[in-house]
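**Q**
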Amino acid sequence: MQLIKMHEVLQQSVAGLYADLVTRPTGRAVRESIERDLPPGTIAVMDFTGVGCLDYSCADEIVAKLLRDKVRVLLLRGVSDAHREAIEPVLLGHGLAVVCAGPDGTLEVLGAHEPAEALLEELVARQLAARTPGGAIALTAA
Amino acid sequence: MTRLIEVPVQFDDRSFEQFAAAYAQAAADGARLLFDAHAAEWASPYGLVGLLAAGEAAARGGERALLTAPANPDVVSYWARAGFFREAGDLFEVHGKVPRTKPATESEVLLPVTPVRAAEDVHAVVSTIQQRASAILASELGLEPKATMGFAMALSEACQNIVEHAGTGGWVAVQAYHWRRKLARRVVVIAVADAGVGFRHSLEPSQAKRFGERWGDAAALEAALVQGVSRFRDPGRGQGLAGIRRYLARWDGKIAIRSGTARIAIVPSWDDDVPLKDGLPAFPGSQVLLIIPEYGSREA
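From first to last, the protein sequence lines are chains E and Y. Take the first sequence: its letters are residues 119 to 260, numbered as in our numbering. Take the second sequence: its letters are residues 2 to 301, numbered as in our numbering.
Set out below in structure tokens:
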């Protein structure tokens, strides 16, 4: 799994020390920067720790387009409620889904229902995640 | 020859129609314009950014329009602290006593009148508003802390409409004030205005055929705000206004967009605005108004 630290990529991609992922040009710059180091079909972990505001435009440019065109599975962590509010409608609009990891490694899906279930099954099949005794699914490395 | 346009005494989104009618009539023959604000007693952020948009459109004729500043020292001082004259200097030949005041850091002006021309400007606006708005939204409007981030998101998307669609720059202003006349509660108001091409022109290549004879400013606004249509064919486009609507629905807020000869609004229960108006006096560009009331105001 490839780790993408979004705050670091943001700082490297745009002029000015901003902590917010806003506007399409910024989203495009960040996505292109990520794509350079990402082989197609990768399972990527996107860490949003340190990111302030994420707007719909950036969520679409980065999360949706990477998922649509580049990565196989996208696992998000460090995601706040506000980040989710930007990401979820964008994913639903595209019929896409991501997996979100909580601080304890517990996984939940965000976005369209059908691909979301398949994502969790794939992570379990690859032994990157496992079912907990409580019935949840958590990252095996957590 | 100079044509006079009176700036309403109470200049907000309601009286804006009176202003727009005067503008449409005065601007018709290409004469130099004089915006007379000497009697102005109060202006909302919407009034201030709308006046700048009129000034920019007027200046396209070649000669800057004239502007008579408010005569009341308190009013002119407030306009200065709201950042109006910092922007107006480039667009108008300003007459009257204007205090040399820096834009305010007082709690009422969450964001002074700020130009929006590029993505970097949106970054700066979002960064500033998060620093200034969180305390106001939480303590004075009673909104949950997570509302602040949604507020920044809505502001970002509203500003991006200028960058992506106007074909020119525009302005944004954010203020919190006690809205006695309507709600008797505090509100936060975001006003965004430009003198660009407007929604109809922006959407015409992709939408005019679909609407057929109905196509016009009102249909364009309906397509953008209600149907989430964008001029781009990418399925991820058009999310911005939809996101703003979701945010406002959660916090019982209001959005109104005026463009060309039409105005559309998503009207909350506390307001009696008209959802769609067509056949208004022509005014350049687009003007967006977002109002978020103090939590609990829906019972007012």
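Glycine included, each C-beta is placed from N, C-alpha and C at the ideal position.
Looking at chain E, which residues of the region 166 to 183 of chain Y have a Cβ within less than 8 Å of any of its Cβ atoms?
**A** none
**Q** Hey, does E:E203 have any beta-carbon neighbour from chain Y nearer than 8 Å?
**A** To locate residue 203 of chain E, count along the first sequence from 1; it is residue 85. Yes, E:E203 lies at the interface with chain Y (some Cβ there is under 8 Å from its Cβ).
**Q** What do you reckon, are the CB atoms on E:V169 and E:L193 nearer than 8 Å?
**A** Against the first sequence, residue 169 of chain E aligns to sequence position 51. Against the first sequence, residue 193 of chain E aligns to sequence position 75. Not closer than 8 Å, so no.
**Q** Curious, which full-length beta strand (DSSP E) runs of at least 3 residues does the region 226 to 300 of chain Y contain?
**A** 255 to 261, 263 to 267, 284 to 294
**Q** Is the shortest distance between the beta-carbon of Y:A221 and the beta-carbons of chain E less than 8 Å?
**A** The residue given as residue 221 of chain Y occupies position 220 in the second sequence. False, the Cβ-Cβ gap to chain E never drops below 8 Å.
**Q** Going by beta-carbon coordinates alone, are Y:F93 and Y:A66 separated by less than 8 Å?
**A** Against the second sequence, residue 93 of chain Y aligns to sequence position 92. Against the second sequence, residue 66 of chain Y aligns to sequence position 65. For Y:F93 and Y:A66, yes; Cβs fall inside 8 Å.
**Q** Got a sec: which bits of the region 199 to 226 of chain Y sit with their beta carbon under 8 Å from any beta carbon on chain E, in order along the chain?
**A** none
**Q** For a test of the three-state rule: what should DSSP assign to Y:W80, helix, strand or coil?
**A** In the second sequence, the residue the question calls residue 80 of chain Y occupies position 79. Three-state DSSP puts Y:W80 in a helix.
**Q** Can you give the Cα-Cα distance for Y:A54 and Y:P285, rounded to whole angstroms?
**A** Here residue 54 of chain Y is taken as the residue at index 53 of the second sequence, counted from 1. Here residue 285 of chain Y is taken as the residue at index 284 of the second sequence, counted from 1. If you take the alpha carbons of Y:A54 and Y:P285, they lie about 8 Å apart.
**Q** Taking the alpha carbon of Y:A29 as the point to measure from, which residue in Y:A40, Y:G62, Y:V10 has its own alpha carbon closest?
**A** To locate residue 29 of chain Y, count along the second sequence from 1; it is residue 28. When only C-alpha atoms are compared, the closest one is Y:G62.
**Q** For Y:Q228 and chain E, any beta-carbon pair shorter than 8 Å?
**A** Your numbering for residue 228 of chain Y matches position 227 in the second sequence. No, Y:Q228 lies away from the interface with chain E (no Cβ there is under 8 Å from its Cβ).
**Q** Quick one: is Y:P1 buried, meaning 16 or more other Cβ sit within 10 Å of its Cβ, or exposed?
**A** Residue 1 of chain Y lies beyond the stretch modelled for chain Y, which goes from 2 to 301, so this question has no answer here.
**Q** Checking contacts by CB at 8 Å: is E:P143 closer than that to chain Y?
**A** Residue numbering aside, residue 143 of chain E sits at position 25 when the first sequence is read from its first letter. Yes, because at least one Cβ of chain Y sits closer than 8 Å to the Cβ of E:P143.
**Q** In chain E, what lies closer than 8 Å to Y:V123 by C-beta?
**A** Here the question's residue 123 of chain Y lines up with position 122 in the second sequence. Identification of chain E residues near Y:V123 by a Cβ-Cβ cut-off of 8 Å yields V140, T141, ordered along the chain.
**Q** Measure from the C-beta of E:A260 to each C-beta in chain Y and report whether the shortest distance is under 8 Å.
**A** For the purposes of this step, residue 260 of chain E is identified with residue 142 of the first sequence, where counting begins at 1. Its pLDDT being 47, under 50, E:A260 is placed unreliably by the model, and the measurement read from it follows with that caveat. It does not; no Cβ of chain Y falls within 8 Å.
**Q** Going by Cα to Cα distance, which pick from E:A219, E:V227, E:D222, E:S131 is closest to E:I180?
**A** Sequence index remark: in the first sequence, residue 180 of chain E carries index 62 (1-based). The candidate whose alpha carbon is nearest that of E:I180 is E:S131.
**Q** Quick one: which unbroken beta strand (DSSP E) runs of 3-plus residues sit fully inside the region 129 to 215 of chain Y? Chain order, please.
**A** 171 to 180, 186 to 195
**Q** Quick one: which residues of the region 143 to 158 of chain Y get their C-beta closer than 8 Å to a C-beta of chain E? List them in chain order.
**A** K147, M150, G151, A153, M154, S157, E158
**Q** Would you identify the three-state DSSP class for Y:F36, choosing helix, strand or coil?
**A** The count along the second sequence starts at 1 and reaches residue 36 of chain Y at position 35. Here Y:F36 sits in strand by DSSP.
**Q** At which residues does the beta strand (DSSP E) containing Y:P113 begin and terminate?
**A** Start at 1 with the first residue of the second sequence, and residue 113 of chain Y comes out as number 112. Unbroken beta strand (DSSP E) run through Y:P113: 110 to 117.
**Q** Against chain E, which members of the region 108 to 138 of chain Y pass a CB distance test of less than 7 Å?
**A** A120, E121, V123, H124, V127, S128, Q131
**Q** Using the DSSP secondary-structure output, state which residues sit across from E:T160 in a beta bridge.
**A** In the first sequence, counting from the first residue as 1, residue 160 of chain E sits at position 42. Looking at the DSSP assignment, E:T160 forms a beta bridge with E:V189.
**Q** Helix, strand or coil for E:D165 per DSSP?
**A** Locating residue 165 of chain E in the first sequence gives position 47, counting from the first residue. The answer is strand: DSSP assigns E:D165 an E or B state.
**Q** Buried or exposed: where does Y:A136 fall if 16 or more other Cβ atoms within 10 Å of its Cβ makes it buried?
**A** Residue 136 of chain Y sits at position 135 when you count from the first residue of the second sequence. Exposed.
**Q** Who are the Cβ neighbours of E:D178 in its own chain at under 6 Å, not counting the five residues just before and after it?
**A** Walking along the first sequence from the start, residue 178 of chain E turns up at place 60. The answer, listed in chain order, is V208.
**Q** Okay, do the region 117 to 134 of chain Y and the region 129 to 147 of chain E touch, 3+ Cβ pairs below 8 Å being the bar?
**A** yes
**Q** Could you tell me which uninterrupted beta strand (DSSP E) segments, each at least 3 residues in length, are contained entirely in the region 170 to 218 of chain E, listed from first to last along the chain?
**A** 189 to 195
**Q** Is the shortest distance between the beta-carbon of Y:Q240 and the beta-carbons of chain E less than 8 Å?
**A** By 1-based counting over the second sequence, the position of residue 240 of chain Y is 239. True, the Cβ-Cβ gap to chain E drops below 8 Å.
**Q** Can you pull the chain Y residues whose beta carbon is under 9 Å from the beta carbon of E:P207, in chain order?
**A** Residue numbering aside, residue 207 of chain E sits at position 89 when the first sequence is read from its first letter. In chain order: Q240, A243, G244, R247.
**Q** Counting C-beta neighbours from all protein chains within 10 Å, is the total for Y:Q176 16 or more, i.e. buried, or is it exposed?
**A** On the second sequence, position 175 is the one that residue 176 of chain Y refers to. With 16 or more Cβ atoms within 10 Å of its Cβ, Y:Q176 is classed as buried.
**Q** Mapping the DSSP letters down to three states, classify E:V227 as helix, strand or coil.
**A** Here residue 227 of chain E corresponds to residue number 109 of the first sequence, with the count starting at 1. It is a strand residue.
**Q** Contact check, Y:M154 vs E:A204 under 8 Å by CB: the rounded distance?
**A** As a position in the second sequence, residue 154 of chain Y is number 153, starting the count at 1. As a position in the first sequence, residue 204 of chain E is number 86, starting the count at 1. Going by Cβ atoms, the distance from Y:M154 to E:A204 rounds to 6 Å, so yes, they are a contact pair.
**Q** Starting from the beta carbon of Y:G237, find every residue of chain E whose beta carbon is closer than 8 Å, and list them in chain order.
**A** Numbered from 1 along the second sequence, position 236 holds the residue referred to as residue 237 of chain Y. Within 8 Å Cβ-Cβ: D178, E179, A182, K183, V208, G211, H212.
**Q** Could you say which of E:A248, E:P158, E:L121 lies nearest to E:K188 if we only look at CA atoms?
**A** Walking along the first sequence from the start, residue 188 of chain E turns up at place 70. Of the candidates E:A248, E:P158, E:L121, the one whose C-alpha sits nearest the C-alpha of E:K188 is E:P158.
**Q** Helix, strand or coil: how does DSSP classify E:R146 here?
**A** Translated into positions along the first sequence, residue 146 of chain E becomes position 28. Helix.
**Q** For Y:Y79, which of Y:E7, Y:Q288, Y:E109 has the nearest alpha-carbon?
**A** The count along the second sequence starts at 1 and reaches residue 79 of chain Y at position 78. For the residues Y:E7, Y:Q288, Y:E109, the minimum Cα distance to Y:Y79 belongs to Y:E109.
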